[in-house]
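Notes follow once the structure below has been shown.
Residue numbers (the numbering used here): 2 to 155.
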């Protein structure tokens, strides 16, 4: 009987040890899975915003829109941002070409319909179109952006 008790005790010790080892392995695996799912500490990336270039206001424009059935007007203030690295010569050129630039703005705005201009995406596309057309006539630098400081369709 003593031999059987001893065998039973050895079996119990082996089973308990196996359960303990499996529990530790399971706990370790769970810890690593949980830790791998948490996001590691990320470095803060500092993004420098581009400097604001010189600003030139074109003033207020009131134009008839190209709506086929009804008469609609657009009243908008347009402001140009010159490229940050631009020279004083670009600012002087913009002043000198102001009649041409205003003509481009009037023609471009007047070619749009009220439905086109009611959409925010189309207004952003209009800014890009104005920028491209004005940049095409400038020799001493480029515009960085075109802004509408007021924009009302009537």
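All C-beta atoms, glycine included, are put in the ideal place defined by N, C-alpha and C.
- When rounded, the separation of the alpha-carbon atoms in residue 70 and residue 105 is 25 Å.
- According to the DSSP assignment, residue 111 belongs to no beta strand (DSSP E) but to the alpha helix (DSSP H) extending over 99 to 111.
- Minimum Cα-Cα distance from residue 108 among the listed residues 62, 123, 80 and 85 corresponds to 62.
- Contact annotation: residue 59 and residue 103 have beta-carbon atoms nearer than 8 Å.
- For the 8 Å CB-CB criterion, residue 49 and residue 146 do not form a contact.
- DSSP places residue 72 outside both helix and strand once states are collapsed to three, so it counts as coil.
- Counting C-beta pairs with one atom in each stretch, the region 64 to 80 and the region 113 to 126 have three or more that are closer than 8 Å, which means they touch.
- Here residue 95 is buried. Its C-beta has 16 or more other C-beta atoms within 10 Å.
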